[in-house]
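If you're matching them up, the sequences are chains W and V in order. Residues 1 to 324 (the numbering used here) make up the first sequence, in order. Residues 1 to 324 (the numbering used here) make up the second sequence, in order. Take a look at the structure set out below.
There are 2 protein chains.
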Amino acid sequence: MPTSEQDFLDALDRHFPRQGEGVLLGRGDDCAVLDTTGGTHGPLCVSTDLFVEGVHFRRAYFSPSDIGHKALAAAASDLAAMGAAPVACALSLVLPADVDDAFLDAMLAGMAALSKRLGLPLCGGDLSRGPALVLDLAVFGRPGPAGALLRRGTLRPGDELVAIGELGLARAGLLALEAFGRAACERWPAATAAHLRPEPRLAEGQALAGLPGVRALMDVSDGLARDIPRLLGLGAGLGADLRLGEGLLHPEALAFFTARGESPVEALVLGGEDYALLSGVDPAGLSGVLAALPAARHIGTVSAAPGLRVGGEPFTRAGFDHFG
Amino acid sequence: MPTSEQDFLDALDRHFPRQGEGVLLGRGDDCAVLDTTGGTHGPLCVSTDLFVEGVHFRRAYFSPSDIGHKALAAAASDLAAMGAAPVACALSLVLPADVDDAFLDAMLAGMAALSKRLGLPLCGGDLSRGPALVLDLAVFGRPGPAGALLRRGTLRPGDELVAIGELGLARAGLLALEAFGRAACERWPAATAAHLRPEPRLAEGQALAGLPGVRALMDVSDGLARDIPRLLGLGAGLGADLRLGEGLLHPEALAFFTARGESPVEALVLGGEDYALLSGVDPAGLSGVLAALPAARHIGTVSAAPGLRVGGEPFTRAGFDHFG
């Protein structure tokens, strides 16, 4: 484990380029300065996302690289959820005494690889010791080529709901990893990867921001059951009728839940850490969205009647809550 | 303790206004959107600062309100250290099981009061349970009226060093609180307040950004001994000759260290969590800075010879390191 802040900065320097497009002043000063006067004079999106040992991950089956990857992936998904283009990220890191240099190195390498691939240069960091491993990622973005950012709480009855990405697959991965540890990765490679190394859908988010009729967007981090009400707006009095067949599930998830005697469709709705995108689209825009994004699936319709219905039946089970 | 993210957001709503100048989209969505197209089309400053139980504070003698105040004050000091004007802040919070609603309420109230006074509206937040109380504050700022931001690593031999704010006083407060607990507040009110409720010097930072000859700025969070080399630039090969009399110390700090048989001047240099500003000024600009800022004191001169000298003698003791 690094013995000073300088060791930590040196370790960051080994993994992350010091410069990045849009970063006027990077690590090493009191603040990082982001150039918002460049291409777009637009607003800057910021979000922070905690990734806490024992709550969001276990070292028993997350490799150090997985931890670095997922902490950033989960935060970057919040940029995708606005349809934003990536600008930069910053890491606040709490390290317990039993994290050694090799672990830290691998963790930062996992994060750096994703940072590079996503175009999210690390523009700052803070470090403290502490009783558990905690990563807090701040991410910054700006409007993409279409110039628009997509919000929640802007839908009307009759709007169509579209999901981009797998639903329920990461839940299968989590349950498999909890039951079998890292060995689960061999038997359920796609499900465990969905939990350990999710991919934020930045390209799809930006594409949606430029498609006609797209009215709302968020990322599904706590499952459809919890997140659809958030997309609709908690005080809006709206509901949704979902049409979800087992065909929507990845074969691994379908097999996993069937083998456990659980309803695959219910597992799909409960979800958890899917990091899929969930969009609300004007009915006239639906076919365009489905044509433009191969991963998009039409999953239901916004209703004037509150509550969530799946195949016409009220769905009452609560979804995924890290805090619960 | 709140049982869901919604409880937490509700608690935030009780303390923090949802709107703020420059916040196009505040809490409740995936990202907050900051308006950088308003008054200034300039760069946006961002910084994050961890405040971790058992490392940065103890609940034994920090009141909940003190914790909320200091977590934000320490982060905001990084904006002051750039000469930046405040725009917004965001809180990531890890809560252990023994934090109850009353504690959380008082902590947020302490933070909200400072947030309002500084003009740093809370634009986002994230919450997780965890094994210890951790606050990570992200702060965002932009250039002040003068249009400039002040960096480190830009000084030359002969430049003058100026401190704005008390040095060593917060160290006395920390030591008194560690020895006597909250009871220390009666006997050493100024010293304990300097440790428990520091004041970020945003106005002075912005003023410095507009004064002729001011070349560099930072905030002194780890003591002069550690922070002066950072101001000079770790690879610059420069040093500093400090001229520090006991008269620079606050009377409480002078009495405290004298009673302990410690060198008051050494304590001043070691410091720790002063949150004073430290500026480097062209010699021709010195008198203007001292005249403009009543709290500014001339403490030394940048030298071509590396190392730190106090009254001509090399100073070798290391300063304050939370991580050590």
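Beta carbons are placed, not taken as given, at the ideal position from N, Cα and C, and that holds for glycine.
Asked: Does the beta-carbon distance from W:G83 to W:L208 come in below 8 Å?; Found: yes
Asked: Could you tell me the alpha carbon to alpha carbon distance between W:G39 and W:D241, rounded to whole angstroms?; Found: The predicted model places W:G39 with a pLDDT of 43, which falls under 50 and marks its position as unreliable; any figure quoted below should be read in that light. The straight-line gap from Cα to Cα measures roughly 41 Å.
Asked: Could you check the C-alpha separation between V:E178 and V:M111 for me, to the nearest Å?; Found: 23 Å
Asked: In chain W, what lies closer than 8 Å to V:H56 by C-beta?; Found: S128
Asked: Would V:L196 and V:E252 be called neighbours here (beta carbons separated by less than 8 Å)?; Found: no
Asked: Check distances from the C-beta atoms of the segment 101-124 of chain W to those of chain V and list, in chain order, the residues that come in under 9 Å.; Found: C123 and G124
Asked: Taking DSSP as the reference, what is the three-state secondary structure of W:T192?; Found: helix
Asked: Here's the rule: buried if 16 or more other CB atoms are within 10 angstroms of the residue's CB, otherwise exposed. What is W:A296?; Found: buried
Asked: Would you say V:G39 faces chain W, with C-beta separation under 8 Å as the test?; Found: Summary for V:G39: the model assigns pLDDT 43, below 50, so the residue's position carries little reliability; its value from the coordinates is reported in the next sentence. No, V:G39 lies away from the interface with chain W (no Cβ there is under 8 Å from its Cβ).
Asked: For W:P64 versus W:M107, is the C-beta distance shorter than 8 Å?; Found: yes
Asked: Could you say if the segment 83-101 of chain W and the segment 153-168 of chain W meet the contact criterion of at least three C-beta pairs nearer than 8 Å?; Found: no
Asked: Helix, strand or coil: how does DSSP classify W:T154 here?; Found: coil
Asked: Got a sec: is the Cβ-Cβ distance from W:S47 to anything in chain V below 8 Å?; Found: yes
Asked: Report the rounded CA-to-CA distance for V:R309 versus V:A292, giving the unit in angstroms.; Found: 28 Å
Asked: Determine the direct distance from the alpha carbon of W:L270 to that of W:G261, and round the result to whole angstroms.; Found: 15 Å
Asked: Can you pull the chain V residues whose beta carbon is under 8 Å from the beta carbon of W:L177, in chain order?; Found: By Cβ distance, chain V contributes nothing, its closest Cβ being about 19 Å from W:L177, past 8 Å.
Asked: What first and last residue would you give for the beta strand (DSSP E) that runs through V:P64?; Found: Looking at the DSSP string, V:P64 is not in any beta strand (DSSP E); the run it does join, the alpha helix (DSSP H), is P64 to A80.
Asked: Could you tell me which whole alpha helix (DSSP H) segments of length 4 or greater appear in the segment 210-264 of chain V?; Found: 224-232 and 251-259
Asked: So what does DSSP say about V:A172, is it helix, strand or coil?; Found: helix
Asked: So, with DSSP's three-state summary, where would you put W:A60?; Found: coil
Asked: Does DSSP classify W:A90 as helix, strand or coil?; Found: strand
Asked: Pair every Cβ in the segment 45-54 of chain V with every Cβ in the segment 116-135 of chain V, then say whether three or more of these pairs are closer than 8 Å.; Found: yes
Asked: According to DSSP, is W:G130 helix, strand or coil?; Found: coil
Asked: What residue range does the beta strand (DSSP E) around W:L50 cover?; Found: L44 to V52
Asked: How is W:D103 classed by DSSP in three states: helix, strand or coil?; Found: Looking at the sequence itself, residue 103 of chain W is Phe, so the reference to Asp does not match. Helix.
Asked: Using only alpha-carbon positions, find the residue among W:A74, W:G205, W:D126 and W:F57 that is nearest to V:V46.; Found: W:D126
Asked: DSSP three-state label for V:D98, please.; Found: coil
Asked: Along the chain, where does the alpha helix (DSSP H) that runs through W:A296 open and close?; Found: From DSSP, W:A296 is part of no alpha helix (DSSP H) but of the beta strand (DSSP E) over A296 to S303.
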